[in-house]
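S.K.: Taken in sequence, the protein lines are chains A and B. Residue 10 is where the first sequence starts when you use this note's numbering, and the numbers rise one by one after that. Residue 10 is where the second sequence starts when you use this note's numbering, and the numbers rise one by one after that. In this text, a Cβ means the ideal position worked out from N, Cα and C, and glycines have one as well. Note that the structure is predicted; figures quoted are calculated from it, not measured.
Protein chains: 2
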Amino acid sequence: MPIHAELLCVGNELLIGKTLNTNAQWLAKRLTTLGLEVKRITTIGDNIEEIAETLKEALQRKPKILITTGGLGPTFDDKTLEGIAKALNRSLEINQEAYKMVEEKYRTYVKEGKIEKFELTPHRVKMAKLPEDSKPLPNPIGTAPGVLLRHKDTLIIALPGVPSEMKAIFDESVAALVRKQAQNVTFFETSIYVDGIVESEIAPLIDEVMRDNPYVYIKSHPKGVKKKPHIEIHLSTTAKDSTTAKKRITKTLMQISDLIRVKGGKTRVPKRVKQEG
Amino acid sequence: MPIHAELLCVGNELLIGKTLNTNAQWLAKRLTTLGLEVKRITTIGDNIEEIAETLKEALQRKPKILITTGGLGPTFDDKTLEGIAKALNRSLEINQEAYKMVEEKYRTYVKEGKIEKFELTPHRVKMAKLPEDSKPLPNPIGTAPGVLLRHKDTLIIALPGVPSEMKAIFDESVAALVRKQAQNVTFFETSIYVDGIVESEIAPLIDEVMRDNPYVYIKSHPKGVKKKPHIEIHLSTTAKDSTTAKKRITKTLMQISDLIRVKGGKTRVPKRVKQEG
Chain A
10 MPIHAELLCV GNELLIGKTL NTNAQWLAKR LTTLGLEVKR ITTIGDNIEE IAETLKEALQ
70 RKPKILITTG GLGPTFDDKT LEGIAKALNR SLEINQEAYK MVEEKYRTYV KEGKIEKFEL
130 TPHRVKMAKL PEDSKPLPNP IGTAPGVLLR HKDTLIIALP GVPSEMKAIF DESVAALVRK
190 QAQNVTFFET SIYVDGIVES EIAPLIDEVM RDNPYVYIKS HPKGVKKKPH IEIHLSTTAK
250 DSTTAKKRIT KTLMQISDLI RVKGGKTRVP KRVKQEG
Chain B
10 MPIHAELLCV GNELLIGKTL NTNAQWLAKR LTTLGLEVKR ITTIGDNIEE IAETLKEALQ
70 RKPKILITTG GLGPTFDDKT LEGIAKALNR SLEINQEAYK MVEEKYRTYV KEGKIEKFEL
130 TPHRVKMAKL PEDSKPLPNP IGTAPGVLLR HKDTLIIALP GVPSEMKAIF DESVAALVRK
190 QAQNVTFFET SIYVDGIVES EIAPLIDEVM RDNPYVYIKS HPKGVKKKPH IEIHLSTTAK
250 DSTTAKKRIT KTLMQISDLI RVKGGKTRVP KRVKQEG
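#1: For A:Asp250, which residues of its own chain have a beta-carbon under 7 Å away from its beta-carbon, when the five flanking residues on both sides are left out?
#2: Check the Cβ of B:Lys48 against every Cβ in chain A and list those closer than 8 Å, keeping chain order.
#3: Using a Cβ-Cβ cut-off of 7 Å, state whether B:His132 counts as contacting chain A.
#4: In chain B, what lies closer than 9 Å to A:Asn104 by C-beta?
#5: In chain A, which residues lie less than 8 Å from B:Lys38 when you measure between Cβ atoms?
#6: Could you name the residues of the same chain whose beta carbon sits closer than 8 Å to that of B:Ala318, not counting the 5 residues immediately before and after it, in chain order?
#7: Report the start-end ranges of each alpha helix (DSSP H) in the stretch 125-181 of chain A that is 4 residues or longer and not cut off at the edges.
#8: Please decide whether A:Pro11 counts as near chain B, where near means a Cβ-Cβ distance under 7 Å.
#9: Kindly list, in the order they appear in chain A, the residues whose Cβ is closer than 8 Å to that of B:Tyr202.
#10: Pick out whichever of B:Thr246, B:Val207 and B:Ala254 has its Cα sitting closest to the Cα of B:Lys275.
#11: Check whether chain B comes within 7 Å of A:Pro213, counting only Cβ atoms and requiring the distance to be less than that.
#12: List, in chain order, every chain B residue whose beta-carbon is nearer than 8 Å to that of A:Ser229.
#13: Buried or exposed: which applies to B:Arg159, given that a residue is buried once 16 or more other Cβ atoms fall within 10 Å of its Cβ?
#14: In this structure, does DSSP put A:Asp267 in helix, strand or coil?
#15: Does any C-beta atom of chain A lie closer than 7 Å to the C-beta of B:Thr41?
#16: Check whether the Cβ of B:Val292 lies closer than 7 Å to any Cβ atom in chain A.
#17: Return the chain-ordered list of same chain residues with a C-beta closer than 7 Å to the C-beta of B:Ser133, the five sequence neighbours on each side being excluded.
#18: Can you pull the chain A neighbours of B:Asp216, defined as C-beta to C-beta under 7 Å?
#19: Within the stretch 195-265 of chain B, note down every full alpha helix (DSSP H) run reaching 4 residues or more, in order along the chain.
#20: With C-beta atoms as the reference, is B:Ala61 less than 7 Å away from B:Gly80?
#21: Applying a beta-carbon distance threshold of less than 7 Å, which residues of chain B neighbour A:Glu112?
#22: Output the boundary residues of the alpha helix (DSSP H) element that contains B:Ile60.
#23: Classify A:Val111 as helix, strand or coil using the three-state DSSP reduction.
#24: Taking Cβ to Cβ, would you say A:Gln264 is nearer than 7 Å to A:Val218?
#25: Hey, out of B:Leu43, B:Leu64 and B:Leu24, whose CA is closest to A:Ala37's CA?
#26: For A:Gly151, count neighbouring C-beta atoms within 10 Å of its own C-beta (all shown protein chains included) and say buried if the count is 16 or more, exposed if not.
#27: Here's a check: name, in chain order, each residue in its chain whose Cβ is nearer than 6 Å to the Cβ of A:Val47, leaving out the five neighbours to either side.
#28: Looking only at its chain, what residues have a beta carbon closer than 7 Å to the beta carbon of A:Val282, apart from the 5 residues adjacent to it on each side?
#29: Give the residues of chain A in contact with B:Ile124, contact being defined as C-beta atoms less than 9 Å apart.
#30: If the cut-off is 8 Å on Cβ atoms, which residues from the stretch 167-193 of chain A count as contacting chain B, listed in chain order?
#31: If distances are taken between C-alpha atoms only, which option among B:Ser182, B:Asp267, B:Pro145 and B:Leu17 comes closest to B:Glu102?
#32: Compute the Euclidean distance between the alpha carbons of B:Lys272 and A:Asp86, then round it to the nearest angstrom.
#33: Among A:Val278, A:Thr247, A:Ala248 and A:Leu268, which residue has its Cα nearest to the Cα of A:Glu241?
#34: Please report whether the beta-carbon of A:Asn30 lies at a distance below 7 Å from any beta-carbon of chain B.
#35: Would you kindly check if the distance between the Cβ of A:Met175 and the Cβ of A:Ala153 is under 7 Å?
#36: Among residues of its own chain, excluding the 5 on either side of B:Ile215, which ones have a beta-carbon nearer than 6 Å to its beta-carbon?
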């Protein structure tokens with residue numbers, strides 16, 4: 010069984026449609042590839058009550074991994090850690106390790122001429138105030154550290170909203186933790202493209218093939234019917250090892266392709282079954 | 010007060026990171042521009058229980074508008090209407106108006122040579138099975154109609170996941186409904202770009218300016234500090250009319266720009282304050 014994960018994305022810019030949530034897609038893909046099952050992605054605004062509320066709701070569903078994005082910076086509306094502290098009933102206090110990380114960054118910024126003088130203002134110290142019993146995760150690109158904490162069986166990981174910083178902290182400090190949780194699970198996927206047959210004609214074929222291949226998930230994605238219908242058929246599976254996964258996908262791929270061709274559809278199979286990650 | 014809206018996005022492809030959720034951004038932007046406040050976006054998989062559960066949770070928060078995307082098509086994993094019916098304890102039945110819409114589409118597909126013969130298979134009829142007391146919304150591009158229903162004070166609108174179909178149904182049938190809900194509210198936004206000053210130096214300036222301009226929301230978005238810090242400052246407001254909104258934004262923009270320049274930052278103001286919609 011894949012390990013249950015959830016994402017909590019914080020930021021008004023996502024709710025007003027200013028920003029496309031590429032962080033959610035990137036994390037969902039990485040977690041899936043690492044063998045986890047992302048069951049829910051929740052997006053909320055920069056509001057302590059909302060953050061605390063959605064976090065508590067997510068914890069009740071007992072995910073093993075819960076990743077938040079956004080709200081770790083120096084401004085008034087960076088409220089994720091306050092929301093987490095509130096939800097878990099922990100105090101927010103200066104974490105010495107985080108404090109050193111932030112201090113070190115600003116010393117470097119002075120050397121590099123990015124700021125004039127070294128000074129740890131309240132807005133900078135804010136980034137080192139973490140919920141009790143947290144571990145800061147170094148930010149190789151920006152200033153605000155990521156944050157790791159545990160609540161019962163859930164690892165909570167808070168990452169910044171700036172995509173390059175989020176990805177860097179994930180790759181440097183989070184991926185290994187996740188991999189440890191999801192031992193011996195491989196995710197495998199591939200697609201075929203089908204022309205000349207509408208989705209409603211493919212639907213009963215998918216039903217038939219999925220009955221024969223219960224571990225493979227098949228989903229059709231219509232790509233427009235302007236002249237002739239054009240549809241992507243996406244196959245995916247999660248297995249103990251990649252040989253099993255690949256065998257399953259290949260067998261299923263051949264079966265669905267054959268059925269589609271019999272119905273008059275044209276299939277274009279990608280050159281090789283693609284493995285992510 | 011802006012009207013509360015929520016989005017519920019259904020689709021495994023979003024949870025495995027195969028698809029970027031551009032639908033959520035597009036809808037969030039459109040609803041915001043129309044004067045609504047999107048308070049939460051929830052993404053879940055193609056699972057009846059999950060759909061019913063998240064819908065019930067959302068209804069408890071009493072949004073005026075609740076839009077779902079995805080899961081209206083002919084395949085086994087198009088489960089949104091089943092999930093809605095379950096959540097509202099309504100039966101799923103063939104809706105005569107929807108049936109005619111679907112029938113008409115397939116007759117057209119025959120004429121256009123997209124399918125060989127006219128036949129309403131169970132997978133096609135499925136798209137006309139709506140929860141009791143629903144109204145189908147014509148799909149000008151694809152086959153599956155959108156669905157409109159009311160639960161207490163909430164309008165629930167189910168749209169397809171294919172972006173072109175989702176947008177077409179929204180523009181043709183939903184925008185006018187939403188506009189009616191959100192009379193006399195205008196959303197206004199603009200951005201300035203700042204160089205040569207880090208976010209933690211801007212943070213106290215934003216605090217100050219927001220104290221003076223309580224109806225304007227200011228958010229800084231760091232865009233990298235590779236050589237010199239580069240930051241976008243986004244200002245937005247919701248007001249009764251566009252004159253008020255524009256005045257507020259202009260005043261706030263001038264104040265924050267002045268303070269940033271005093272601190273040694275360079276600001277680049279866009280040529281005009283931009284109005285969306």
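M.R.: Reading it off the structure:
#1: Thr195
#2: Leu24, Ile53, Gly54 and Glu59
#3: yes
#4: Correct list: empty, because the minimum Cβ distance to chain B is about 17 Å.
#5: Ile25, Gly26 and Lys27
#6: Any property of residue 318 of chain B remains undetermined from this structure, which presents chain B solely from 10 to 286.
#7: 131-134 and 172-178
#8: no
#9: The premise fails here: B:Tyr202 is roughly 14 Å from chain A at the closest Cβ pair, so nothing lies under 8 Å.
#10: B:Val207
#11: yes
#12: Gly82 and Thr84
#13: exposed
#14: helix
#15: yes
#16: One cannot answer for residue 292 of chain B here, as it falls past the ends of chain B, which runs 10 to 286.
#17: Looking at the sequence shown, residue 133 of chain B is not Ser but Arg. These residues qualify, in order along the chain: Pro83, Val111 and Tyr115.
#18: Phe85
#19: 208-221
#20: no
#21: Those do not exist, as A:Glu112 stays about 12 Å from chain B at its closest Cβ, beyond 7 Å.
#22: Ile57 to Gln69
#23: helix
#24: yes
#25: B:Leu24
#26: buried
#27: Ala14, Ala37 and Leu40
#28: Reliability of the predicted coordinates at A:Val282 is poor, the pLDDT of 48 falling under 50, and the value obtained from them is presented with this limitation in mind. The answer, listed in chain order, is Thr199, Lys255, Ile258 and Thr259.
#29: Ile206, Val207, Ser209, Glu210 and Pro238
#30: Val171 and Ser173
#31: B:Pro145
#32: 21 Å
#33: A:Val278
#34: yes
#35: no
#36: Ile227
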